[in-house]
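Q: Read in my numbering, the sequence shown has 78 at position 74, and its numbers run on one by one without any break.
Just so you know, even glycine gets a beta-carbon here, dropped at the ideal spot from N, CA and C.
Pasting a structure below so you can have a look.
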Amino acid sequence: DQHCSSCTPAALRAMRSCAVLLLALGAAALVPSHAAGLRSGMNPIRKVVTMLQSMQKKVEEEGEKEKGLYEKFMCYCQSGNSDLSASISAAELKVPAVSSDIEASEAKLAQAKEDLKQAQADR
Numbered sequence: 005d006q007h008c009s010s011c012t013p014a015a016l017r018a019m020r021s022c023a024v025l026l027l028a029l030g031a032a033a034l035v036p037s038h039a040a041g042l043r044s045g046m047n048p049i050r051k052v053v054t055m056l057q058s059m060q061k062k063v064e065e066e067g068e069k070e071k072g073l074y075e076k077f078m079c080y081c082q083s084g085n086s087d088l089s090a091s092i093s094a095a096e097l098k099v100p101a102v103s104s105d106i107e108a109s110e111a112k113l114a115q116a117k118e119d120l121k122q123a124q125a126d127r
């Protein structure tokens, strides 16, 4: 075996251990799930992979929900401002009409009070 001069026996053992671990992970990923289920329970590595896939799916679903809520909020912010402006404009247009209606009603009330006084005096 030719090794570099800086490689110590401990470093070589660590590299071999990493290589074996990577091979084991690769082999576990290739084993069909039903074959893994036939052994005594599920492979711990497969459990972790399944858990990570489940977490990824949940995060993606939550992301989609958040995206939808954000889009609704932005739509509300954009359309809410124009709706509010339109409502204010409509109310400002009604102010003179309502004011004149109030003045007319007050005039009718004053006339009705005057007619009532006249009717009571004529009795």
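1) The alpha helix (DSSP H) spanning Arg50 covers which residue range?
2) Quick one: is Leu56 near chain D, going by C-beta distance under 7 Å?
3) Buried or exposed, going by whether 16 or more other CB atoms sit within 10 Å of the CB of Asn85?
4) Tell me, to the nearest whole angstrom, how far the beta carbon of Ile49 is from that of Leu73; I am working on the premise that it is less than 8 Å.
5) Give me the Cα-Cα distance between Val53 and Val63, rounded to the nearest whole angstrom.
6) Please report the distance separating the alpha-carbon of Ala14 from that of Ser21.
A: Taking the definition as stated:
1) In this chain, the alpha helix (DSSP H) harbouring Arg50 covers Pro48 to Asp126.
2) Here there is only one protein chain, and chain D is not present.
3) By the neighbour-count rule (16 or more Cβ atoms within 10 Å), Asn85 is not buried but exposed.
4) Wrong, their Cβ atoms sit about 36 Å apart, outside the cutoff.
5) Between Val53 and Val63, the C-alpha separation is close to 15 Å.
6) Taking the straight line from one Cα to the other gives about 11 Å.
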